[in-house]
Amino acid sequence: MSSLHLSETSSPAEAPTGIAADPRIALLRRRFRGFAFPMTAAFLLWYLTYVVLCAYARDFMARAVFGHLNVALLLGLGQFATTFGIALAFSRYASRRLDPLADALRTELDGKAAR
Amino acid sequence: MTSIIVIFSLFVALTLGITVRASRRTRSAEDFYAGGRSFTPLQNGIAIGGDYMSAASFLGIAGIIALSGYDGFLYSIGFLVAWLLALLLVAGPLRNAGRFTMADALTARLRERPVRTASGISTIVVSIFYLIAQMVGAASVVSLLLDVKSDAAKIWVIVAVGALMIFYVAVGGMKGTTWVQIVKAVLLMVGAAVMCVLVLARFHFDLGELLGAAADKSGKGASFLRPGLKYGATDGWSRLDLISLGLALVLGTAGLPHILVRFYTVPTAQAARKSVNWAIAIIGVFYLMTLVLGFGAAALVGSAAIKKADPSGNSAATRLAEVLGGGHGTGGGSFMLAFIGAVAFATILAVVAGLTLTSTSSFAHDLYANVIKRGKVGGQEETKVAKWSAVVVGAAAVALSISARELNVAFLVALAFAIAASANLPAILFSLFWRRFNTRGALWGTYGGLGAAVLLVLLSPVCWGGATTTKPSTKLTPETAATCGVPVKSTAVGNATALFSCTVKAPFPLENPGLVSIPVGFVAAAIGTLTARRRPEEDQAFDELEVRTLTGAGAV
């Protein structure tokens, strides 16, 4: 089971070659990950905070804001609002910063492949 | 009773017609598995809604809200927020990476046979569990609506639902199934919207008045509007159980195979992303409406009356419909009851068709064509095999559902989400974004997550119902006491519908395995990856796949 020894087996990572090394691919990757990864972390953190509050901060959640509307209902509706907001923000970002670059690269690459 | 049958027959006739029409335009494997990739983002978004909004989320969530107030809302929030993960990380890249199934996207860079086998098995397990929950649920919904309690009626309902879903899938393929889901989603949204307006009208379109009336009529007062009546109500374990449930809901959706295959029915990654945006809008509005319906049912029907009709609360929406139409025995009341009942049937049919199609695809495309026949199957032959697989898979689901008809299978939906998050999600995310990831990582993650989730449920209070501080003893009826084999006054039973024993205490205290099994899946995938030798050709395979997922170049 020599393959279980990390030190022996990890050969250094190969650098990308060919089209994968194109700076425009790197740019597209950076733009995509730069939005999608932090946004995923943010919404997961916000959702988990909400669930933890539901489980452990019940007095806080029960506080009235106005009338029958309490913190729990407000935060729950807030989850809906942020979900709609993030979806909208991502589709705007994608059509401005991702799609034009991806389309240009695809046309170029598929053209090359067809030739 | 008669109007419900008339309305439902109309739906069945309409969907059968659509299916036959779709079958004329279904020739290639592309047509059968992916609807010819010809749907628009709006059509696909509506169909995703139709695939996702099950009877469990319509009748179930409205029922939990009507009985336990705020805690039902927790479910709908998890179900909705989960779509952000699908939108941000999965929909577009997966569309570019794969062809027909989840395994297609993984084997784009990983070793064909072992990974396809693992991912095919996981797909079929998740889909069949979900399917059994839906079909057994269908049987109890029907007996509730038509007021027939006999065992034979339940069996006939399961057989009829099974026959219809097999027809939709085997004849109409993805095109037929998609249209059934679109029709159902429109019906469901219209039905829920009508009820919503009627509920709000009763309270002068004042949400505060509705909330106040719901809290009053629930018999629980202000605590009805706060978390804690259903989840995390006893000791520390039950609070962790709530977190475990939340985690599985939010991470499960993006790993549900019947959702993933829907991304292949549109031409491009951009279209897949736009479908998810439509789905988020539709599903979000729907869950906001279930909130009004649930609170409306509590306010207008009363929690006690709902619980008396069915302890799970599943009858809340239908009872509410009857009241909104003018009450029991009136023409308007029975029409509304019939209409909402028919919508519930349509909902069940569309969801089971989507699940059957997904397990059929994995059976025919992953296991048969690529693992057993090693890809040496022609497109025409594969379509034919797929159609027969639909019959086999559907028949198996019917048989399993009939034998499980008396069991409390509601937990299977939560289990399906937990498996999707524990077994499928690590493989999908690592495969799309981690260059170092490899075949061993995918296998360890898939089997590790699947095994952990199933094992923990087998050790949980779902299977062992003995009373503990987490699950305190429940009041027994003469029937449940007889089933459990204890005296009615016994305090040893915490969960009278436990699968294996009502009195043996569960070795694992959580009902939802996600809190443990999801980390197990991710860690197993990471350890498997890091202990396998790094190969330059695997890095290269990832680089090629990444160019494809980012740009769509070379995607089918």
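Order-wise, the sequence lines are chains Z and B. Take the first sequence: its position 81, counted from the start at 1, is 69 in the numbering used here, and no numbers get skipped. The numbering used here runs 632 ahead of the 1-based position in the second sequence. Where is the CB? At the ideal position from N, CA and C, for every residue including glycine. Just so you know, these numbers come straight off a predicted model, no measurement behind them.
Under the three-state reduction of DSSP, F54 of chain Z is assigned to strand.
With fewer than three CB-CB distances shorter than 8 Å, the segment 699 to 711 of chain B does not count as touching the segment 833 to 843 of chain B.
Counting only the Cα atoms, L872 of chain B lies some 32 Å from G986 of chain B.
Closest by C-alpha distance to P1058 of chain B, out of B:A1046, B:A1042 and B:W1076, is B:W1076. In this structure I637 of chain B is exposed. Its beta-carbon is surrounded by fewer than 16 other beta-carbon atoms within 10 angstroms. Under DSSP, G1098 of chain B forms a beta bridge with B:V1125.
A distance below 7 Å between beta-carbons, with the five flanking residues on each side excluded, links L857 of chain B to the following residues of its chain, in chain order: G701, Y702, L843 and A847. The Cβ neighbour count for R1165 of chain B, taken over all protein chains shown within 10 Å, is under 16; the residue is labelled exposed. Residue burial is scored here from C-beta neighbours: D1175 of chain B has at least 16 other C-beta atoms within 10 angstroms and is therefore classed as buried.
Closer than 7 Å to the CB of A1185 of chain B there is at least one CB belonging to chain Z. Using a Cβ distance threshold of 7 Å, A880 of chain B and I680 of chain B do not count as a contacting pair. At a C-beta separation below 8 Å, F48 of chain Z has no neighbours in chain B, since its nearest C-beta there lies roughly 10 Å away. A contact is defined here as three or more CB-CB pairs under 8 Å, and the segment 78 to 90 of chain Z fails this definition with respect to the segment 858 to 877 of chain B.
Using beta-carbon distances, T71 of chain Z counts as an interface residue toward chain B, with a partner under 7 Å. Between the beta-carbon of L719 of chain B and that of V882 of chain B there is about 13 Å, and that puts the pair past the 8 Å contact cut. Less than 7 Å separates the beta-carbon of G945 of chain B from that of I696 of chain B.
Here G752 of chain B is not near A740 of chain B, since their CB atoms are 7 Å or more apart. Under the Cβ distance rule, N1070 of chain B does not count among the residues neighbouring chain Z, no pair being separated by less than 7 Å. Put simply, the CB of V39 of chain Z is near chain B, with a gap under 7 Å to one of its CB atoms. Sixteen is the threshold: when 16 or more other Cβ atoms of the shown chains lie within 10 Å of the Cβ of D998 of chain B, as they do, the residue is buried.
Counting only residues of its own chain and dropping the five nearest sequence neighbours on each side, N1070 of chain B has a CB closer than 6 Å to the CB of T1161, A1164 and E1170. Around the beta carbon of H960 of chain B, fewer than 16 other beta carbons sit within 10 angstroms, so the residue counts as exposed.
One finds G64 and Q67 in chain Z with Cβ atoms closer than 7 Å to the Cβ of I709 of chain B, taken in chain order. As far as DSSP is concerned, S83 of chain Z takes part in no beta bridge. For S1133 of chain B, the three-state secondary structure derived from DSSP is strand.
Against chain B, the CB of L15 of chain Z has no partner CB under 7 Å away; the residue lies outside that interface.
Residue state for M821 of chain B is assigned as helix, using DSSP reduced to three classes. Against chain Z, the beta carbon of P859 of chain B has neighbours under 7 Å at C42, R46, M49 and A60, listed in chain order. DSSP assignment within the segment 1001 to 1042 of chain B yields the following whole alpha helix (DSSP H) runs of 4 residues or more, N-terminal first: 1011 to 1035.
Taking the beta carbon of E1176 of chain B as reference, the chain Z residues within 8 Å of it are A8, listed in sequence order. Linking G868 of chain B to L969 of chain B through their CA atoms gives a straight-line distance of about 41 Å. Following the DSSP letters along the chain, one finds Y702 of chain B inside the alpha helix (DSSP H) bounded by residues Y702 to L717. Residue contact check for N909 of chain B against chain Z: a CB pair falls below 7 Å. Of all C-beta pairs linking the segment 722 to 734 of chain B to the segment 650 to 660 of chain B, fewer than three are shorter than 8 Å, placing the two stretches out of contact. For L763 of chain B, the uninterrupted alpha helix (DSSP H) segment begins and ends at E744 to L778.
Counting the other CB atoms within 10 Å of its CB gives E1013 of chain B a total below 16, which places it among the exposed residues.
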